[in-house]
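J.: Sharing a structure, written as structure tokens. Questions coming.
Residue numbers (my numbering): 163 to 824.
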């Protein structure tokens, strides 16, 4: 989805330009600039595809346009190749049409406005399909393109050789015509130079040009950043070129005109016979299959299958058991009326700082093994931190959060909401922690996804009183009610398996992400498999897997980043609110911006502790100075966003209109 949607600007550009040219030249019955329109279409559309992410970032965030050197070599090469070919051919054909006083192909067509208009729009389709390999390559940020290989240089050589072949063929025919006009020969048709080995060497060169561009593009199109089969789909470019030249607008009309003019000429018949079954058939027919889908695709698929099998079989019998004590099995039931304690002091009441550990003293259940447990909202711990890049320890986060929540009473009143969350009527249950392996990240991610999916598909309790209303069914793909899960981390990578699980129920969701860091960085270079996933790349992976909607938003960002990081972040689907924006615009306008961005979409809220200034919350793996304060977070995340998040999920409260200046 994402690939097709990223092609929309290119397709729109191609059709709008040809429509504008049709409005100008159709009423004039002027076909002289038709080929110029094609050249302009290729040039403008290829440049737009290259710069569109940067233009989008400039429009949304005011980011300056990047220098040309910031693009990947492959992007520059395929864009330049398409531009060079189209500019050269377009200028050549227009000059020829102007010199001849018109283009004989349109003698009848231009008199009919509908047919003439159709040709302009057909040219837009030609521009889009033939340029498809280039537009596809430019949909991926520069940092994600693999380095050029020997195969890429061979493809570049094929393009250069074919381009030279076409240029020489056109030049030879131009010189032949000039010599004929000067009466230096009396030949009726050219049969010298490259034209001695093919009746249409310029077309042979053109087909080779687009095979070369396609082959150069496949180095990226066969990467993991594109769906399987993208390179094969892009083969439509040289195939359409061959089909049009061989069967439609190239060879047939020229052959027909030649037969009409020279059909009785024995030299013409001999020229045709000498080349049928030899050079022209070999060159023109075979060029469509000179470069079939590269063997690297098959090899990559085999290697990927082996790698997947290795991951799946890495620890087939590794069952991680919970390490926490099961207090319910260690405590004997006593009769409080006969024992000394019971007869004197009564029940063994838990104090705020004692008792079994659960979030805010909520009821506790091992929900993953107790299939009968029911809830509307579940608290679930994911003690995972083995993809961090700096300070570890986030595996103790769920326990730390529960310890910090001990002083909160289950009937606690919240001034920010002017009510008790528990009075909303939802049945809330602490489901404990998922027992995650600390030695195998692939298995840990699978454990998290399976655990989350298990609870997400658990039947809801349906509230504890009539005040509770839930309508997640309105957003779920299966039309059923699903519980909401609050997860405690754990490093931020836990979001990836959560989004994978949510996607099965809701499809792509919008993300409200409070963090000091983007977490949309491209995976590390040369990394493969599970090595691509870490606490800074998981949103990029989620975007590749089409798990998040294109209307997500960050809040509190203040990390070091480059221009291309922001461009890539926009491509992943996020808008950015920096930490400094709260000083410039205030809490209310930030809330309005978030509301405007996510609208009524299903929303996943993600809050990283490092969004808070490390002077207030130092226990984080990647501290960044200059963060938001706890009142900021309370005002934005707790008081406004989460409360409205529940309403947005119920789709019964439209977002407030945007009133902010940014």
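Even for Gly, the Cβ is constructed at its ideal location relative to N, Cα and C. Everything numeric in this text was worked out from a predicted model, so none of it was measured.
Can you tell me whether residue 230 is buried or exposed? The criterion is at least 16 other CB atoms within 10 Å of its CB, across all chains shown.
T.: So residue 230 ends up on the exposed side.
J.: If you check the beta carbons only, do residue 591 and residue 535 fall under 8 Å apart?
T.: Closer than 8 Å, so yes.
J.: Would a C-beta distance cut-off of 8 Å place residue 634 and residue 542 closer than the cut-off?
T.: No. Outside cutoff.
J.: For a minimum of 3 consecutive residues, which ranges assigned as the beta strand (DSSP E) are wholly contained in the stretch 625 to 669?
T.: Entirely contained in the stretch 625 to 669, the beta strand (DSSP E) runs reaching 3 residues are, in chain order, 646 to 651.
J.: Where does residue 181 fall in DSSP's three states?
T.: DSSP places residue 181 in helix when its eight states are reduced to three.
J.: Taking the straight line between their C-alpha atoms, what separation do you get for residue 290 and residue 176?
T.: Residue 290 and residue 176: Cα-Cα distance of roughly 6 Å.
J.: May I have a chain-ordered list of the alpha helix (DSSP H) segments no shorter than 4 residues that lie completely inside the stretch 389 to 437?
T.: If we require 4 residues or more, the alpha helix (DSSP H) runs fully inside the stretch 389 to 437 come out as 392 to 396, 398 to 405, 413 to 424, 428 to 437.
J.: With DSSP as the reference, identify every bridge partner of residue 541, one or two as the case may be.
T.: In the DSSP output, where bridge partners are listed per residue, residue 541 has 592, 648.
J.: Decide if the stretch 749 to 761 is in contact with the stretch 521 to 529; the criterion is three or more beta carbon pairs, one per stretch, under 8 Å apart.
T.: With the cut-off at 8 Å, the stretch 749 to 761 and the stretch 521 to 529 do not touch.
J.: Below 8 Å on the Cβ atoms is my contact criterion, and I expect residue 705 with residue 673 to pass it. Report the Cβ-Cβ distance as a whole number of Å.
T.: With a Cβ gap of about 10 Å, residue 705 and residue 673 do not count as contacting.
J.: Under the rule that 16 or more other beta-carbon atoms within 10 Å means buried, what is residue 461, buried or exposed?
T.: Residue placement at residue 461 is poorly supported in this model, since its pLDDT is 34, which falls under 50; the coordinates still yield a value, given next. Classification of residue 461: exposed, given that the 10 Å Cβ count is below 16.
J.: Indicate whether the contact test is met: 3 or more Cβ pairs, each with one atom in the stretch 606 to 620 and one in the stretch 538 to 552, closer than 8 Å.
T.: Short answer: they touch.
J.: Taking only runs that begin and end inside the stretch 716 to 769, name each unbroken beta strand (DSSP E) of 3 or more residues, in chain order.
T.: Runs found: 736 to 740, 765 to 769.
J.: Going by CA-CA distance only, name the one from 732, 296, 696 that's closest to residue 604.
T.: Comparing Cα positions, the closest option is 696.
J.: Would you decide whether residue 235 is buried or exposed? Buried here means 16 or more other CB atoms lie within 10 Å of its CB.
T.: By the 10 Å Cβ count, residue 235 comes out exposed.
J.: Taking one C-beta from the stretch 278 to 290 and one from the stretch 386 to 396 each time, how about it: are there three or more such pairs within less than 8 Å?
T.: No, the stretch 278 to 290 is not in contact with the stretch 386 to 396.
J.: Along the alpha helix (DSSP H) that carries residue 382, what are the first and last residues, could you check?
T.: 363 to 383 is the extent of the alpha helix (DSSP H) around residue 382.
J.: Going by other Cβ atoms of all chains shown within 10 Å of its Cβ, with 16 needed for buried, is residue 129 buried or exposed?
T.: Missing from the structure shown is residue 129; the chain here goes from 163 to 824 and no further.
J.: Taking the alpha carbon of residue 548 as the reference point, which residue from 638, 517, 654, 326 has its own alpha carbon closest?
T.: Here the closest residue by C-alpha is 654.
J.: State the Cα-Cα distance for the pair residue 742 and residue 210, rounded to the nearest angstrom.
T.: For residue 742 and residue 210, the distance between alpha carbons rounds to 32 Å.
J.: Label residue 182 either buried or exposed according to how many other C-beta atoms from any shown protein chain fall within 10 Å of its C-beta, with 16 as the threshold for buried.
T.: Residue 182 should be labelled exposed.
J.: Who pairs with residue 551 in a beta bridge, going by DSSP?
T.: The partner list for residue 551 (beta bridge, DSSP) is empty, contrary to what the question assumes.
J.: Just mark residue 499 as buried or exposed, buried being the case when its beta carbon has 16 or more other beta carbons within 10 Å.
T.: With a pLDDT of 47 at residue 499, under the threshold of 50, the modelled position of this residue cannot be trusted, and the question is left open.
J.: I believe residue 206 touches residue 241 by the beta-carbon criterion, under 8 Å. Please report the beta-carbon distance rounded to the nearest angstrom.
T.: Residue 206 to residue 241, Cβ: 12 Å. No contact.
J.: Determine the DSSP secondary structure at residue 439, reduced to helix, strand or coil.
T.: At residue 439 the pLDDT is 34, less than 50, meaning the model places this residue with poor confidence; the figure from the coordinates comes in the next sentence. In this structure, residue 439 counts as coil in the three-state DSSP scheme.
J.: Does DSSP put residue 272 in a helix, in a strand, or in coil?
T.: Of the three classes helix, strand and coil, the one that applies to residue 272 here is helix, per DSSP.
J.: Skipping 5 residues on each side, what residues in its chain have a beta carbon closer than 8 Å to that of residue 316?
T.: Here the set comprises 377.
J.: Report the three-state DSSP secondary structure of residue 351 (helix, strand or coil).
T.: It is coil, neither helix nor strand.
J.: Taking only the alpha-carbon atoms, compute the straight-line gap between residue 796 and residue 683 and give it to the nearest angstrom.
T.: Approximately 28 Å, taken between the alpha carbons.
J.: Between the Cα of residue 431 and those of 336, 361, 401, spot the shortest distance and give me the residue it belongs to.
T.: Considering only alpha carbons, the answer is 361.
J.: Let me know the secondary structure DSSP gives residue 714 once reduced to three states.
T.: DSSP places residue 714 in strand when its eight states are reduced to three.
J.: What span of residues does the alpha helix (DSSP H) with residue 299 cover, start to end?
T.: Residues 294 to 299.
J.: Assuming residue 638 and residue 644 are in contact, meaning their beta carbons sit under 8 Å apart, how far apart are those beta carbons, in whole angstroms?
T.: About 6 Å separates the two Cβ atoms, so the contact holds.
J.: With 16 as the cutoff for other CB atoms within 10 Å, does residue 700 come out buried or exposed?
T.: Buried, by the Cβ-count rule.
J.: Out of 715, 670, 171, state which residue places its alpha-carbon closest to the alpha-carbon of residue 294.
T.: With distances taken between Cα atoms, residue 294 lies closest to 171.
J.: Counting only runs that start and end within the stretch 220 to 287, where is the alpha helix (DSSP H) found for 4 or more residues in a row?
T.: Taking only runs of at least 4 residues, the alpha helix (DSSP H) segments lying wholly in the stretch 220 to 287 are 235 to 262.
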